[in-house]
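J.:
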Amino acid sequence: MATVEIPEDMELVFKYPESLTERHTHYCPGCTHGIIHRLIAEVIDELGVRERTIGIAPVGCSVLAYYYFNMDFAEAAHGRAPAMATGIKRVSPDRVVFTYQGDGDLAAIGTAEIIHAANRGELITTIFVNNAIYGMTGGQMAPTTLPGQVTTSSPTGRDVETAGWPMHMAELIGILPGAAYVTRQAVLDVPGIRRTKKAIKLAFQTQLAGLGFSMVEVLSTCNTNWHMGPVEALEWAKEHMVSYYPLGDTKMTDEVRALKEGK
Numbered sequence: 029m030a031t032v033e034i035p036e037d038m039e040l041v042f043k044y045p046e047s048l049t050e051r052h053t054h055y056c057p058g059c060t061h062g063i064i065h066r067l068i069a070e071v072i073d074e075l076g077v078r079e080r081t082i083g084i085a086p087v088g089c090s091v092l093a094y095y096y097f098n099m100d101f102a103e104a105a106h107g108r109a110p111a112m113a114t115g116i117k118r119v120s121p122d123r124v125v126f127t128y129q130g131d132g133d134l135a136a137i138g139t140a141e142i143i144h145a146a147n148r149g150e151l152i153t154t155i156f157v158n159n160a161i162y163g164m165t166g167g168q169m170a171p172t173t174l175p176g177q178v179t180t181s182s183p184t185g186r187d188v189e190t191a192g193w194p195m196h197m198a199e200l201i202g203i204l205p206g207a208a209y210v211t212r213q214a215v216l217d218v219p220g221i222r223r224t225k226k227a228i229k230l231a232f233q234t235q236l237a238g239l240g241f242s243m244v245e246v247l248s249t250c251n252t253n254w255h256m257g258p259v260e261a262l263e264w265a266k267e268h269m270v271s272y273y274p275l276g277d278t279k280m281t282d283e284v285r286a287l288k289e290g291k
């Protein structure tokens, strides 16, 4: 990417985040992983912690996340990102540690890991991307797939009598005493993207202040496996996912609220 010189009489209002590399991503056109990556990078830049941040990549569509973030990264076994993050944070408590996980990684094989990390109040931050489907492996039903939603492994729609109900992870994590800040946001439109960035920043600030575990669930899309165009997928998610997975904070301790209000 070429460097652009800014005239002295002009104010720079937009630039490429230092915490992102300039590598082209492997994500499908219309995928919102790239938006979430940028929000994390902008927050890390604004907090000035890039040099001491360590991310944990998941197994899933974002398995190659370490290619796109300009910081230290590690790769965990499927679902084990919270366990790896716990070990890194305990050994190096001065580091800022976050996991980036999808619904298969966090809400299926990694359910025990995330629940116990949150319950212990580990000083880590989790960014949980919920697109209601297994993206990387071909579009199978995920723990977050909606009732009646068609996937490759539920061709007639998710039947809750046989497959159970979708997992509300933000609510589940929010009831745990070690969780200090848990919220669900969405990147389906510009106002939602702005709210998501504020939530991610507060989650990292919660960790920096040593207040406990923090998690931001982000409603996302998978237009490829939903067999929709990018715009159609955004509208479908607004209509169907947001009504089933309400947006907003599910847990905010008084200390985090004071941090948010700048007290």
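In terms of my numbering, the sequence shown opens at residue 29 and continues consecutively.
Each residue gets a CB set at the ideal place from its N, CA and C atoms; glycine is no exception.
Using DSSP with H/G/I as helix, E/B as strand and the rest coil, what is V157?
T.: On the sequence shown, residue 157 is found 129 positions in, with the first residue counted as 1. Strand at V157.
J.: Excluding five sequence neighbours on each side, which residues of the same chain lie with their C-beta closer than 6 angstroms to the C-beta of I84?
T.: For the purposes of this step, residue 84 is identified with residue 56 of the sequence shown, where counting begins at 1. Once the five neighbours on either side are set aside, the close Cβ partners of I84 are A102, A104, A109, M112, A113, T127.
J.: Taking all protein chains shown into account, decide if H255 is buried (16 or more other Cβ within 10 angstroms of its Cβ) or exposed.
T.: Taking the sequence shown and counting its residues from 1, one reaches residue 255 at position 227. When all chains shown are included, H255 counts as exposed.
J.: Report back the beta-carbon spacing between T179 and I161 to the nearest angstrom; my notes put them in contact at under 8 angstroms.
T.: Taking the sequence shown and counting its residues from 1, the one referred to as residue 179 is at position 151. Taking the sequence shown and counting its residues from 1, the one referred to as residue 161 is at position 133. The Cβ separation is near 6 angstroms, so the contact holds.
J.: Less than 9 angstroms separating the beta-carbons of P45 and I82?
T.: Translated into the one-based positions of the sequence shown, residue 45 becomes position 17. Translated into the one-based positions of the sequence shown, residue 82 becomes position 54. No; because the gap between Cβ atoms is not below 9 angstroms, this pair is not in contact.
J.: Please list the terminal residues of the continuous alpha helix (DSSP H) segment that includes K117.
T.: Here residue 117 refers to the residue found at position 89 of the sequence shown. 109-119 is the span of the alpha helix (DSSP H), which, as asked, contains K117.
J.: Note the first and the last residue of the continuous beta strand (DSSP E) segment covering L174.
T.: Counting from one through the sequence shown, the residue named residue 174 turns up at place 146. Where L174 is concerned, there is no enclosing beta strand (DSSP E), because DSSP gives it neither an H nor an E.
J.: Using a Cβ-Cβ cut-off of 6 angstroms (strictly less than) and excluding sequence neighbours within five positions of E283, which residues of its own chain qualify?
T.: Residue numbering aside, residue 283 sits at position 255 when the sequence shown is read from its first letter. Answer for E283: L239, listed in chain order.
J.: By how many angstroms is the C-alpha of C250 removed from the C-alpha of F42?
T.: As a first step, residue 42 must be located in the sequence shown, where it is residue number 14. As a first step, residue 250 must be located in the sequence shown, where it is residue number 222. If you take the alpha carbons of F42 and C250, they lie about 28 angstroms apart.
J.: Between A198, G167, V77, P258, which lies nearest to Y273 when the distance is taken from Cα to Cα?
T.: As a first step, residue 273 is located in the sequence shown; it is residue number 245 there, counting from the start. That would be A198, whose Cα lies nearest to the Cα of Y273.
J.: In this structure, how does DSSP classify E245 when only helix, strand and coil are distinguished?
T.: Numbered from 1 along the sequence shown, position 217 holds the residue referred to as residue 245. Here E245 sits in strand by DSSP.
J.: Are the CB atoms of F241 and A135 nearer to each other than 9 angstroms?
T.: For the purposes of this step, residue 241 is identified with residue 213 of the sequence shown, where counting begins at 1. For the purposes of this step, residue 135 is identified with residue 107 of the sequence shown, where counting begins at 1. Cβ distance not < 9 angstroms, so F241 and A135 don't count as in contact.
J.: Does the beta-carbon distance from G202 to L275 come in below 9 angstroms?
T.: Mapped onto the sequence shown, residue 202 falls at position 174. Mapped onto the sequence shown, residue 275 falls at position 247. In this structure, L275 does not lie closer than 9 angstroms to G202 by Cβ.
J.: If you run the structure through DSSP and keep just helix, strand and coil, what is L287?
T.: In the sequence shown, the residue the question calls residue 287 occupies position 259. Helix, per DSSP.
J.: So G62 is in the alpha helix (DSSP H); what residue range does that whole segment cover?
T.: Along the sequence shown, one-based indexing puts residue 62 at 34. Residues 61-75.
J.: Can you tell me which of G149, E150, N147, H106 puts its alpha carbon nearest to the alpha carbon of G132?
T.: For this step, residue 132 is matched to residue 104 along the sequence shown. If we check each option's Cα against that of G132, H106 comes out closest.
J.: Using 9 angstroms as the threshold, is the C-beta distance between Q213 and A227 below it?
T.: Your numbering for residue 213 matches position 185 in the sequence shown. Your numbering for residue 227 matches position 199 in the sequence shown. Contact flag set, yes.
J.: When the Cα atoms are used, what is the spatial distance from P171 to R51?
T.: Translated into the one-based positions of the sequence shown, residue 171 becomes position 143. Translated into the one-based positions of the sequence shown, residue 51 becomes position 23. C-alpha separation (whole angstroms): 31 angstroms.
J.: Which one of F156, E33, G130, G290 has the shortest CA to CA distance from V87?
T.: Your numbering for residue 87 matches position 59 in the sequence shown. Nearest option by C-alpha distance: G130.
J.: What did DSSP end up calling Q168 once you bin it into helix, strand or coil?
T.: Here residue 168 is taken as the residue at index 140 of the sequence shown, counted from 1. Of the three classes helix, strand and coil, the one that applies to Q168 here is coil, per DSSP.
J.: Between H196 and the rest of its own chain, which residues show a CB-CB distance below 8 angstroms, the 5 nearest in sequence each way excluded?
T.: Taking the sequence shown and counting its residues from 1, one reaches residue 196 at position 168. Cβ neighbours of H196 beyond the five flanking positions: Y273.
J.: Can you list, in chain order, the residues of its chain whose CB lies under 7 angstroms from that of T252, leaving out five sequence neighbours each side?
T.: By 1-based counting over the sequence shown, the position of residue 252 is 224. Excluding positions up to five away in sequence, the list reads C56.
J.: At which residues does the alpha helix (DSSP H) containing R212 begin and terminate?
T.: Translated into positions along the sequence shown, residue 212 becomes position 184. Element bounds for R212: not the alpha helix (DSSP H) but the beta strand (DSSP E), 207-214.
J.: Between which residues of its own chain and I68 is the CB-CB distance below 7 angstroms, once the five residues before and five after are set aside?
T.: Within the sequence shown, numbered from 1, the residue matching residue 68 stands at position 40. Same-chain partners within the cutoff: I155, I228.
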